[in-house]
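What follows is a single structure, written as structure tokens, with notes after it.
Protein chains: 2
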Amino acid sequence: MKKVNNSPSLFEYLDQFKLNKIFSEGLKEKLSLYQFQNGEILCSKGDEIHKMYFLVKGKVKIYTTSPEGKALIVRFKTPLALIGDVEYIKGMHVLHSVQAVSEGYVISVHYDDVRSMENNRVEFLHFLLQVVTQKFYTESHATSLNRLYPVEIRLASYLLSLSSEKCGSIFHEEMSTSNLTEIADLIGTSYRHLNRVIHKLCEEGIIQRIKGSLYIKDLSRLRERAEGNIYE
Amino acid sequence: MKKVNNSPSLFEYLDQFKLNKIFSEGLKEKLSLYQFQNGEILCSKGDEIHKMYFLVKGKVKIYTTSPEGKALIVRFKTPLALIGDVEYIKGMHVLHSVQAVSEGYVISVHYDDVRSMENNRVEFLHFLLQVVTQKFYTESHATSLNRLYPVEIRLASYLLSLSSEKCGSIFHEEMSTSNLTEIADLIGTSYRHLNRVIHKLCEEGIIQRIKGSLYIKDLSRLRERAEGNIYE
DNA sequence: GACCATAAGGGACATATGTCCTTTCTCTAA
DNA sequence: TTAGAGAAAGGACATATGTCCCTTATGGTC
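So the protein sequences, as listed, match chains A and B. Sequential numbering from 1016 applies to the first sequence in the working numbering. Sequential numbering from 1016 applies to the second sequence in the working numbering.
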């Protein structure tokens, strides 16, 4: 990460995400804006952490690996997202690794400053409570989905969560085959098996694969296949 | 649930779990003690909820089911545990069902009272923040375990989490065969497959099954088999 | 001790999924 | 247009796991 100096962007981001009321005036002076590159590791599991980060531009993935090297992606994050909140509250090392999957920006602030200036401010505590509770809720929801349903339903749910409102829409440009590895890690299966399921859905005419990108052909049948589930 | 009237127990529980500093004097007057029976459903997924419950005696299971009727147990809870906190913060319906697996007691308080008397008290907000963050952490930890490891390792981890410190210890008396169904639902497998894995660990001399109860025979090999993992 | 009902455990088969490695496809350079 | 390298997809086989239902075990009653 590279610190960005003397930029008005920081305050623009505070405005954009309505953070001005969350922080006291004193704490605002302690905030710094950093830029990160695609592929950069922002935090590593097990490391010490002393700062909280507010993701204000770009996209990151939260992931973990077993000692055997098996990976799983817990979630992708886009703005506004908080990194290091759970570790701040629990006073622990980094729970899951965080890696950038695009270039972007974070606002960072030192835990010591937060503790001394915000720890007894109701506005900030409410904000933290909302953030952590929303994380718990989305994690719980995804966990239920992952444990109760086979890969086909999970893939359908995932594709639904990406699609825009119009029928047969094109996915995000990240939906290339290098992302199939990531989708496999996200929904908890092997790359091979994900390809089997994609092939099956293509054969049924629900989706199609063109030059490594996936397209929805039949949104209503995809919804049926997802059985009312959707990753949030 | 049955309300318990004019009992000094409520205040004994507040002392026992050091809740006196958490609540304002005004809110303490709004607290009620209830008794529940084994098997009783305290909350059902999707229902409206208007009260927060503090489990102060007994044991409950947090579970969910798919529309197809497939069940999973998210977690068991023993005192001190909070029920309805996530729903209070997010203002939503019940996320997971809660059922008693023993008789016990909860202290309950109406959301409206909490909101009017506690919503701006820092002590209470800190307490809620600690509780929800701990929930997030344990759920995340269990989720990683469930997604990264096969059933055998998960069972070993589960058995380790139940055992006391001394070698070859006897499990809780709940460890009867009726609980095998619950363990299967907790670690996310079928009853049949759990029996396969138990059989395998018995054949290897790591655990043994006597009249429907499981006993650890070789704690160090069980630890090896768990590969450093343990359900928290 | 025998019998019966219910609960617990396991057989058989099928499906989902993982692993390893080969084949095919795509893109770039000549 | 062709060739080659690297990436992507799929074949083959194995394992983990689920489903269904039968067999065995256990406990209670007579």
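Built from N, CA and C at the ideal position, the CB exists for glycine as well.
Could you name the residues of chain B that residue i contacts, counting a contact when the two beta carbons are closer than 8 Å?
i                       : result
residue 1153 of chain A : The premise fails here: residue 1153 of chain A is roughly 10 Å from chain B at the closest Cβ pair, so nothing lies under 8 Å.
residue 1147 of chain A : 1144, 1147, 1148 and 1151
Which bits of chain A does residue i rub up against, with CB to CB less than 9 Å?
i                       : result
residue 1137 of chain B : 1134, 1135, 1136, 1137 and 1140
Name the chain A residues whose beta carbon is nearer than 7 Å to that of residue i?
i                       : result
residue 1161 of chain B : 1162
residue 1093 of chain B : By Cβ distance, chain A contributes nothing, its closest Cβ being about 19 Å from residue 1093 of chain B, past 7 Å.
Just how far apart, CA to CA, sit residue i and residue j?
i                       : j                       : result
residue 1268 of chain A : residue 1244 of chain B : Limits of chain A in this structure are 1016 at one end and 1247 at the other, which puts residue 1268 of chain A out of reach.
residue 964 of chain A  : residue 1119 of chain A : Absent from the structure is residue 964 of chain A, since the part of chain A shown begins at 1016 and ends at 1247.
residue 1145 of chain B : residue 1213 of chain B : 36 Å
residue 1236 of chain B : residue 1105 of chain A : 32 Å
residue 1240 of chain B : residue 1032 of chain B : 36 Å
residue 1051 of chain A : residue 1068 of chain A : 12 Å
residue 1150 of chain B : residue 1172 of chain A : 25 Å
residue 1187 of chain B : residue 1164 of chain A : Caution is warranted here: a pLDDT of 46 is assigned to residue 1187 of chain B, below 50, making its placement in the model unreliable, and the coordinate value is therefore given only provisionally. Those two C-alpha atoms are separated by around 31 Å.
residue 1029 of chain B : residue 1066 of chain B : 18 Å
residue 1091 of chain A : residue 1107 of chain B : 24 Å
residue 1115 of chain B : residue 1127 of chain B : 25 Å
residue 1176 of chain A : residue 1198 of chain A : 12 Å
residue 1046 of chain A : residue 1122 of chain A : 6 Å
residue 1204 of chain B : residue 1158 of chain B : 14 Å
residue 1210 of chain A : residue 1195 of chain A : 8 Å
residue 1059 of chain A : residue 1078 of chain A : 9 Å
residue 1083 of chain B : residue 1242 of chain A : 10 Å
residue 1231 of chain A : residue 1206 of chain A : 20 Å
residue 1174 of chain A : residue 1162 of chain A : 18 Å
residue 1110 of chain B : residue 1057 of chain B : 13 Å
residue 1247 of chain A : residue 1101 of chain A : 20 Å
residue 1042 of chain B : residue 1216 of chain A : 56 Å
residue 1142 of chain A : residue 1169 of chain A : 31 Å
residue 1038 of chain B : residue 1129 of chain B : 9 Å
residue 1222 of chain A : residue 1200 of chain A : 20 Å
residue 1021 of chain A : residue 1124 of chain A : 16 Å
residue 1184 of chain B : residue 1178 of chain B : Note that residue 1184 of chain B scores a pLDDT of 45, beneath 50, so its modelled location is shaky; the value from the coordinates is reported in the next line. Between residue 1184 of chain B and residue 1178 of chain B, the C-alpha separation is close to 6 Å.
residue 1138 of chain B : residue 1233 of chain A : 52 Å
residue 1112 of chain B : residue 1072 of chain B : 18 Å
residue 1019 of chain B : residue 1026 of chain B : 12 Å
residue 1099 of chain A : residue 1147 of chain A : 11 Å
residue 1167 of chain A : residue 1103 of chain B : 34 Å
Per DSSP, residue i forms a beta bridge with which residues?
i                       : result
residue 1249 of chain B : The requested residue 1249 of chain B is not part of the displayed model; chain B covers only 1016 to 1247.
residue 1112 of chain B : B:1078
residue 1215 of chain B : Answer is none; residue 1215 of chain B lacks a bridge partner.
residue 1320 of chain A : Here chain A comprises residues numbered 1016 to 1247, so residue 1320 of chain A is not present and cannot be evaluated.
residue 1150 of chain B : Answer is none; residue 1150 of chain B lacks a bridge partner.
residue 1156 of chain A : Answer is none; residue 1156 of chain A lacks a bridge partner.
residue 1019 of chain A : A:1048
residue 1125 of chain A : A:1066
Under 8 Å Cβ-Cβ, which residues of chain A neighbour residue i?
i                       : result
residue 1121 of chain B : Under the 8 Å cutoff, chain A gives no residues; its nearest Cβ is about 21 Å from residue 1121 of chain B.
residue 1196 of chain B : Residues of chain A passing the Cβ test: none, with the nearest at roughly 16 Å.
List the residues of chain B whose Cβ lies closer than 7 Å to the Cβ of residue i, in chain order.
i                       : result
residue 1088 of chain A : Ordered by position in chain B, no residue passes the 7 Å Cβ test against residue 1088 of chain A, which lies about 10 Å from the chain.
residue 1203 of chain A : 1162
residue 1143 of chain A : 1144
Go through the stretch 1063 to 1110 of chain B residue by residue and report every complete run of the beta strand (DSSP E) that reaches 3 residues or more, in order. 1066 to 1072, 1075 to 1080, 1086 to 1092 and 1096 to 1098
What are the residues of the stretch 1096 to 1126 of chain A that lie near chain B, defined by any Cβ-Cβ distance shorter than 7 Å? 1101, 1104, 1105 and 1110
Members of the stretch 1074 to 1087 of chain B near chain A, C-beta cut-off 9 Å: 1079, 1080, 1081, 1082, 1083, 1085, 1086 and 1087
Which runs of the alpha helix (DSSP H), 4 residues or longer, sit entirely within the stretch 1023 to 1066 of chain A? 1024 to 1031 and 1040 to 1043
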